[in-house]
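Going down the list, the protein sequences come from chains A and B. Heads up: the first sequence is residues 1 to 316, going by our numbering. Heads up: the second sequence is residues 1001 to 1316, going by our numbering. Heads up: the structure comes next, in structure tokens.
2 protein chains.
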Amino acid sequence: MHTEPNRVCDLLGIRYPIIQAGMVWCSGWKLAAAAANAGALGLIGSASMYPDVLREHIRKCQKATDRPFGVNVALLYPEIDKLMEIITGEGVKIVFTSAGNPATWTAFLKERGVTVVHVVSSSKFARKAADAGVDGVVAEGFEAGGHNGREETTTMCLVPMVCDAVSIPVIAAGGIGTGKSMCAAFALGAEGVQVGSRFVMSEESSAHANFKQAVADAKEGDTLLTLKKLTPVRLIRNRFFDQVREAQDRGASVDELKALLGRARAKQGMFEGDLDEGELEIGQVSGALAEVKSAADIVREIWEEFEMTRKRLGEG
Amino acid sequence: MHTEPNRVCDLLGIRYPIIQAGMVWCSGWKLAAAAANAGALGLIGSASMYPDVLREHIRKCQKATDRPFGVNVALLYPEIDKLMEIITGEGVKIVFTSAGNPATWTAFLKERGVTVVHVVSSSKFARKAADAGVDGVVAEGFEAGGHNGREETTTMCLVPMVCDAVSIPVIAAGGIGTGKSMCAAFALGAEGVQVGSRFVMSEESSAHANFKQAVADAKEGDTLLTLKKLTPVRLIRNRFFDQVREAQDRGASVDELKALLGRARAKQGMFEGDLDEGELEIGQVSGALAEVKSAADIVREIWEEFEMTRKRLGEG
């Protein structure tokens, strides 16, 4: 065990300072409960759920674990008020917010006894989140899968700057899927890590088998950040990606890109397994992922390697 | 002192496994000698030098230090054969190669008793370099300043993959300017670090005072990787950058971009201090750099923070 007091463990009531990221189409109650039961924080990703679906996932997760779990909420979600009513009404005690202004909902959640962590891509946004009263921030670098900041700051550069900017606990995200990279994040000043891509490759994730195979096959350079004129997103290069690139290279307008993106591309790719026409959101660390394992094995392996790495460095 | 044997120190005959990067227009003999005298490896950046100018820098560096130093060579340099004759003729014992095929010159250098390290942006290129017989590789991530790989893989993701791919020593580069980030690189498996941007901000660097001020003023998100249709390069956003972006957004051809880039933009920006029309190559870590210090202070601060950080982790 980590013997030093850890503010992320204390804040969230978890054994290991590892957060299983809330991810569209990949992290329902099964994954969140499995991660929680393994001693990490499990997060249900609500951005791909209708409000009633989220309620069902929360209730199933509560039955499947006695450990703390939370919900990740994209603040730009259209029916955000319904989502927030369900989350607080069902007694969820931890919410990770992202993609929006933390000032809007933090007070509402805090008044209802919810611990709030906000995801940021810059130290400027970290300061704003701290000012809004959040309990911690996730500093997410350019290498992370899915939606991403416009600054393109990598985890190696972002984490120290965010740690300098705020005094609340900083959780590092982006490029972290092993105990070595977790230890690197701690060297940079983080007190916890949020892991996404590696949990996409868990038995309990709801990612389609085709998508898991595509992640296993992905090599370095196979993901790129694209759609920067809309919202930047990191995904695996496939036919859909090539269409986007072709359109961007000839200077396509925002409207044309929106039409090309259309609706439900993410579901089509990650949940339904259409590897050609779907959107396949995953981090750069996919280049090093090959196997599907249980969430419990993933948590254990990350923690054991973290402990080994920090001891190796200490003895150096 | 690091008590563990370190292959990078052994290979290069240096005290600390810190390499001062060879950089166009910023790292002549003064910086290389100062870094060498401080116990790091100093590198003369030859890509911005005519062959005769390089000879002069090598000779001055030899007079200014008894410690090992090297020359960084971009393998796409037009008169590369002249450069290589001068380097070996003048008795330089360490060459870092980049931007080209390591198979072309490695044997020539090794036969003349030169230690060769090649800079790579992927584990595929690392394997090729190892096959070509180089003694070590620099794994340089997306956050690094100047020319950069097309894969856009960040240091956090790249270093572990390169360490898995080759058995020769791996030196991490990109986003590393402090002892904390050096320790993060070691957690990822690197045995040394190459530091660029922070040495641009040294008293001994030949960067123009205006450029140093621009680096001090740079905030997160102020550098971006651009000119991806030609050779991707990371630089500070200025008027020149905006012209490039505008051209790219409307789908400009490669020829048009080449004409826009023109000649001597890098010299104009970094050496002559034209902050509007010049090319200002620097890494993302510039967002955290504010002060100009001596190379000796930079080496000492990085090393002391590295030692402190690894001890903190070990005791965790």
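Quick reminder that beta carbons are idealized off the backbone N, C-alpha and C, glycines included.
query = If you count every other CB in all the chains shown that lies within 10 Å of the CB of residue 1(A), and 16 or more means buried, which is it?
reply = Low confidence applies to residue 1(A): its pLDDT is 45, below 50, so where it sits in the model is not reliable, and the reading given next is rough at best. Exposed, by the Cβ-count rule.
task = Determine the extent of the alpha helix (DSSP H) in which residue 213(A) is found, giving its start and end residues.
result = 209–217
ask   = Can at least three beta-carbon pairs, one atom from the stretch 1082–1092 of chain B and one from the stretch 1058–1073 of chain B, be found at a separation below 8 Å?
value = yes
message = residue 278(A) and residue 287(A) - do their beta-carbons sit closer together than 8 Å?
response = no
message = Could you check whether residue 138(A) and residue 173(A) sit closer than 8 Å to each other, using their CB atoms as the reference points?
response = yes
Residue nearest to residue 1202(B) in terms of C-alpha spacing, selected from 1215(B), 1191(B), 1193(B) = 1215(B)
Outcome for residue 1209(B) when other beta-carbon atoms lying within 10 angstroms are tallied against a minimum of 16 = exposed
request  = With a 10 Å radius around its C-beta and 16 neighbouring C-beta atoms as the bar for buried, classify residue 1046(B) as buried or exposed.
outcome  = buried
request  = State the CB to CB distance for the pair residue 71(A) and residue 146(A), rounded to an integer number of angstroms; the pair is presumed to be in contact (CB under 8 Å).
outcome  = Not quite, the Cβ-Cβ distance comes to about 16 Å (not below 8 Å), so this is no contact.
request  = With residue 312(A) as the anchor, note down where its beta strand (DSSP E) starts and where it stops.
outcome  = No beta strand (DSSP E) contains residue 312(A), which is instead part of the alpha helix (DSSP H) from 295–315.
Bridge-paired residues (DSSP) for residue 1027(B) = Residue 1027(B) pairs with nothing; no bridge assigned.
request  = Measure the C-alpha to C-alpha separation of residue 1014(B) and residue 1008(B) and round it to an integer number of angstroms.
outcome  = 8 Å
request  = Sort 114(A), 135(A), 233(A), 158(A) by Cα distance to residue 280(A) and report the nearest one.
outcome  = 233(A)
ask   = Should residue 1236(B) be listed as close to the ligand ZN, given that the test is whether its C-beta is under 7 Å from any heavy atom?
value = This structure lacks the ligand ZN, and indeed carries no ligand of any kind.
key: Buried/exposed call for residue 1050(B), threshold 16 Cβ in 10 Å   = exposed
request  = Ignore the nearest five residues each way along the sequence and tell me which others in residue 239(A)'s own chain have a CB closer than 7 Å to its CB.
outcome  = 276, 277
request  = Compare the Cα-Cα distances from residue 165(A) to each of 187(A), 140(A), 126(A), 193(A) and report the closest residue.
outcome  = 126(A)
ask   = Quick one: does residue 197(A) have its CB under 8 Å from some CB of chain B?
value = no
key: Contact set between residue 1000(B) and chain A, taken where Cβ atoms lie within less than 8 Å   = A query on residue 1000(B) cannot be resolved here, the shown segment of chain B reaching from 1001 to 1316 and no further.
ask   = Rounded to the nearest angstrom, how far is the Cβ of residue 289(A) from that of residue 1152(B), given a contact under 8 Å?
value = That pair is no contact at about 18 Å.
key: Distance, residue 1194(B) Cα to residue 1178(B) Cα   = 11 Å
ask   = So is residue 39(A) in contact with chain B if we call contact Cβ pairs under 8 Å?
value = no
query = Applying the criterion that 16 or more other CB atoms from any shown protein chain within 10 Å of the CB defines a buried residue, is residue 259(A) buried or exposed?
reply = exposed
query = Buried or exposed: which applies to residue 1308(B), given that a residue is buried once 16 or more other Cβ atoms fall within 10 Å of its Cβ?
reply = exposed
ask   = Comparing alpha-carbon positions, which option in 31(A), 42(A), 48(A) lies nearest residue 24(A)?
value = 48(A)
ask   = By Cβ distance, which residues of its chain are closer than 6 Å to residue 65(A), with the 5 residues on each side in sequence left out?
value = 33, 36, 37
query = Which chain B residues are close to residue 178(A), counting only those with a beta carbon under 8 Å from its beta carbon?
reply = 1160
query = Relative to chain B, which residues along the stretch 285–314 of chain A have a C-beta separation below 8 Å, given in chain order?
reply = 285, 287, 288, 309, 310, 311, 313, 314
request  = Could you tell me the boundaries of the beta strand (DSSP E) in which residue 1116(B) lies?
outcome  = 1115–1120
message = Measuring alpha carbon to alpha carbon, tell me which residue in 1110(B), 1114(B), 1136(B) is nearest residue 1167(B).
response = 1136(B)
ask   = So which residues of chain A does residue 1242(B) contact, with C-beta pairs closer than 7 Å?
value = By Cβ distance, chain A contributes nothing, its closest Cβ being about 15 Å from residue 1242(B), past 7 Å.
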